[in-house]
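Before any comments, here is the structure.
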Amino acid sequence: MTTSTFVAGNGILYALDARAKLLLVLLMCVLVFFPLSQLGLWVIFLSTLLMAWRATGFRQALQPLRSIAFILIIMVLFTPITYRGGTVLIHIGDWNLVTQEALWNLSTLMARFLAITYICTLYVWTTPMADINLALRWYGLSFQAAMVLTLAFRFIPFIADSFRMIQDSHALRMSDEQSVGKSRTQQLKDAIPTVTAALVFALKSIPHVAMSLEHRGLGRSPKRSSYRQLKAKGGLFTQLLVSVIIPTVFWILFIT
Amino acid sequence: MEQKGPANMSALRIALMAVLTAVVVVFTLIVRVPTPIKGYISLCDVIITFSAFLFGPWIAAIAGGLGTGIADLIGGYAQWAPLSFVIHGVQGLLIALIARAGVKQGVPGDAKLPMMILGGVVGMIVMAGGYYLAGGVLYGFEPALVEIPLNLIQSGVGLVLGIAVSKAVLKAYPPVRALAL
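As they're listed, the protein sequences go chains D and E.
For what it's worth, this note's numbering labels the leading residue of the first sequence as 701, then goes sequentially.
For what it's worth, this note's numbering labels the leading residue of the second sequence as 4, then goes sequentially.
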């Protein structure tokens, strides 16, 4: 199981410091809820899409679209039905199927949702997970909380492998005839021994992890473990300033 | 692991949170059924309910929130990560607080079944309601209605299996009581 979300590529997004980028992501996500023009919202989305394309390639850039495709379809199906007022564009008899206001509203919601999706995705694609953790530390995340994150990432592949092994060994105990044509309730019932075994396996590792942490001096001063420092090219202040300037420019250009 | 000082408790708490967070991630990503709106339903609620019943509100809140948040990041749903962190965090917290009410000794897993069910039902409402509100803000309240039944099914399955698994783990691995904080 791969836990890395980082996609190797190049461009300005890779050069930006994780802390400055996090600030930029937050400000951009807030900005799309401001009263911006329709054009502004689509420009924000298209610029993030272009950045994703330039940084990671065309196929990779389309991946978030695939993951939210169903939501977009549901939006297209539901939003026009629920906004009935305004200028009628398509009607069936007396029933207004699509109005201008409904399309306008759908366009705003879609642009906003697409923009948020790409802004957040671009951050995790262009920033290694370790740097995200360090950026959160810089913004005030405690040492203990950062340690929980670090350890969780270390444990995910280990627990995933263990779960698969337990699942396979439980499956081997059943004959082919037994495993065919089971109801959903029976399938869920059968999952209990596997889930229990996987949990007991994971729980047994907790005292060992706790002991290892104690040996590393956790809870004592001075600690024997510490995190490295992030370095921002061109200075952190400049990069943070750039992260504030970009959303401000969008806001000034497209405010309604 | 013999001493019970602050260092020991801190290390144990971190280890508990980290391992349970990893378990939530694995159960969110490995065991999942695709759905038309949110992406998938998973068994993460089983582990959140289990953590709430056995380890109390804070462990359940952190493991549930962080685990589902990380799973969203890894699974390609980064925009949902902060929302999942809050929604599942509150879900775990409330399940544990309600299930723990009335338990003076032992672990919350020793709670009476009606209290566990009540906690789980509140957790279901928080989860389904939370995702409805979040979906409503992100892409409209009407399309977000489609999510409610799917989330109720996911958290309902989580509640039933969570109770069964909590009882089974307490029976299969009694030292788990020593880990409950």
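Even for Gly, the Cβ is constructed at its ideal location relative to N, Cα and C.
- Taking a C-beta cut-off of 9 Å against chain D, the contacting residues of the segment 75-99 of chain E are Leu76, Ile77, Gly78, Gly79, Tyr80, Ala81, Gln82, Trp83, Ala84, Pro85, listed in chain order.
- Using a CB distance below 7 Å, no part of the segment 124-137 of chain E faces chain D.
- Around the C-beta of Gln94 of chain E, 16 or more other C-beta atoms lie within 10 Å, and the residue is accordingly described as buried.
- Counting only Cβ-Cβ distances below 8 Å, Phe53 of chain E has contacts in chain D at Leu899, in chain order.
- Within the DSSP secondary-structure output, Leu936 of chain D pairs in no beta bridge.
- Taking the CA atoms as reference points, Gly123 of chain E sits about 33 Å from Ile832 of chain D.
- Between Leu918 of chain D and Ala14 of chain E the beta-carbon gap is near 5 Å, inside 8 Å, which marks them as a contact.
- One thing to note: Ala761 of chain D has its Cβ no nearer than 9 Å to the Cβ of Asn710 of chain D.
- Excluding sequence positions up to five before and after Ser704 of chain D, its CB lies within less than 8 Å of the CB of Pro828, Met829, all in the same chain and listed in chain order.
- For Asn805 of chain D, the nearest CB of chain E lies under 9 Å from its own CB, placing it at the interface with that chain.
- Your pair Thr52 of chain E and Gly165 of chain E checks out as a contact, with CB atoms roughly 3 Å apart and the cut at 8 Å.
- Taking CB atoms only, Ile151 of chain E has no neighbour in chain D less than 9 Å away.
- Taking a C-beta cut-off of 8 Å against chain D, the contacting residues of the segment 151-167 of chain E are Val160, Val163, Leu164, Ala167, listed in chain order.
- Here Phe778 of chain D is not near Gly133 of chain E, since their CB atoms are 9 Å or more apart.
- Judged by beta-carbon spacing, Val848 of chain D lies beyond the 9 Å limit of Thr31 of chain E, meaning their Cβ atoms are not closer than that value.
- Asp48 of chain E is classed as buried because its beta carbon has at least 16 other beta carbons within 10 Å across all chains shown.
- From the listed residues E:Gly59, E:Ile33, E:His91, E:Met20, the smallest Cα separation to Ser169 of chain E is found for E:Gly59.
- Unbroken beta strand (DSSP E) stretches of 3 residues or longer found wholly inside the segment 23-104 of chain E: 35-37, 43-45, given in chain order.
- Met728 of chain D does not reach chain E, its nearest Cβ partner there being about 12 Å away, counting only Cβ pairs nearer than 9 Å.
- Listed along the chain, the chain E residues whose CB falls inside 9 Å of the CB of Leu851 of chain D are Ile17, Ala18, Met20, Ala21, Val22, Thr24, Ala25.
- Leaving aside the five residues that flank Leu731 of chain D on each side, the residues in its chain whose CB is nearer than 7 Å to its CB run, in chain order, Pro947, Phe950, Trp951.
- The C-alpha of Val106 of chain E lies about 43 Å from the C-alpha of Ile771 of chain D.
- Residue-level contact by beta carbon fails for Val707 of chain D and chain E, as no gap is shorter than 9 Å.
- The Cβ-Cβ distance between Val34 of chain E and Ala74 of chain E does not fall below 9 Å.
- Taking 7 Å as the cut-off between beta carbons, the residues of the segment 907-939 of chain D near chain E are Pro907, Val909, Ala910, Met911, Leu913, Glu914, Leu918, Gly919, Arg920, in sequence order.
- When the five nearest sequence neighbours on each side are left out, the beta carbons in the same chain lying within less than 6 Å of the beta carbon of Ile65 of chain E are those of Met20, in order along the chain.
- At a C-beta separation below 9 Å, Ile65 of chain E has these neighbours in chain D: Ala845, Val848.
- Chain order gives the chain D residues near Ile73 of chain E as Ala852, where near means a beta carbon separation below 7 Å.
- By the Cβ rule, the segment 816-826 of chain D does not count as touching the segment 836-855 of chain D, because fewer than three pairs are nearer than 8 Å.
- For Asn796 of chain D, the uninterrupted beta strand (DSSP E) segment begins and ends at 795-799.
- Per the coordinates, the alpha-carbon of Gly161 of chain E lies some 14 Å from the alpha-carbon of Ala99 of chain E.
- DSSP places Ile792 of chain D inside the beta strand (DSSP E), whose first and last residues are 788-792.
- Straight-line measurement puts the Cα of Ala718 of chain D at about 13 Å from the Cα of Thr938 of chain D.
- Under a criterion of Cβ atoms nearer than 7 Å, no residue of chain E is adjacent to Val798 of chain D; the nearest Cβ is some 15 Å distant.
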